[in-house]
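A quick write-up on the structure given underneath.
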Amino acid sequence: MVKIISFLSLMLLSISAYSNIGDIVIDGSIANANSDKGYVITEKQFDSFPRDTIVTTTPWTPTGKKVKFKGVDLSYVLKLAGANGAKLKFHALNDYEIIVDMNDVEKYNILLVTEMDGKRLQIRDFGPYFLVYPLDEHYIELNTPHYLARFIWQIDKITVLK
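Encoded structure:
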């Protein structure tokens, strides 16, 4: 019984030491930290940011169906944090990580999306945040394993790398 209580206490402490689900932590090479973790954006703050839309197909949505993704331009989020680097490392709730070149942010107008076809993304369906490229607009360039691997979902952390 003591072991179970100790284990549960440790689990609760480790959860509270991390961010809430729905928060995005931006750390690494940033100028505008607002917490000891880096620059933290709560879900409520994120929802107040200006919205953009990408209408595209993806390998993870119904075949051939264009999906309307709504979210925030990644460059907007990075400017808030004062990001200054050449690469971005995205981390997901399931510990998947991917590196994205900073050049992609401006070149493709990548979005951090929270809605798909008007529905809020949940953890079970790409949420709370899904990195989406305009695949159909740049199909020849982006429809490669290299770029498709960058469509990361369940994002909870972005590390700005030099």
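If you read the sequence shown in UniProt numbering, its first letter stands for residue 1, the second for the next number, and so on. For each residue, glycine too, the CB sits at the ideal point set by N, CA and C. Bear in mind the structure is a predicted one, so any value in this text is a computation, not a measurement.
For the candidate residues the options, whose alpha-carbon lies nearest to that of residue i?
| i | options | result |
| --- | --- | --- |
| L131 | Y139, K162, L88, G82 | L88 |
| D156 | K79, L80, K65, E43 | E43 |
| N20 | I41, N143, R150, I140 | I41 |
Let me confirm a value: residue i is counted as buried when at least 16 other C-beta atoms fall within 10 Å, else exposed. Which label applies?
| i | result |
| --- | --- |
| V55 | exposed |
| T159 | buried |
| R150 | buried |
| I30 | buried |
With respect to the alpha helix (DSSP H) encompassing residue i, which residues constitute its N-terminal and C-terminal limits?
| i | result |
| --- | --- |
| Y39 | Where Y39 is concerned, there is no enclosing alpha helix (DSSP H), although the beta strand (DSSP E) it sits in stretches over 39-41. |
For residue i, report the span of its beta strand (DSSP E) as first-last.
| i | result |
| --- | --- |
| L148 | It is not in any beta strand (DSSP E) - L148 instead sits in the alpha helix (DSSP H) that spans 145-148. |
| D136 | Note, D136: premise wrong, no beta strand (DSSP E); not H, not E. |
Going by DSSP, what residues sit across from residue i in a beta bridge?
| i | result |
| --- | --- |
| V55 | K68 |
| T159 | D27, K89 |
| W60 | Answer is none; W60 lacks a bridge partner. |
| M116 | F69, K119 |
Handout entry: the segment 30-42 / the segment 93-102 touching (three or more Cβ pairs under 8 Å)
Key = Result no; under three Cβ-Cβ pairs closer than 8 Å.
Practice task
State whether the segment 65-74 contacts the segment 100-115, with contact taken as three or more CB pairs (one from each stretch) at a distance under 8 Å.
Solution key: Verdict: yes, contact present.
Exercise for the section: Could you tell me whether the segment 45-61 touches the segment 25-35, where touching means 3 or more Cβ pairs closer than 8 Å? Expected result: Because the criterion of three Cβ pairs below 8 Å is not met, the segment 45-61 and the segment 25-35 do not touch.
Handout entry: Given 8 Å, three or more beta-carbon pairs between the segment 76-83 and the segment 123-143
Key = Between the segment 76-83 and the segment 123-143, the count of Cβ pairs shorter than 8 Å is below three; the stretches do not touch.
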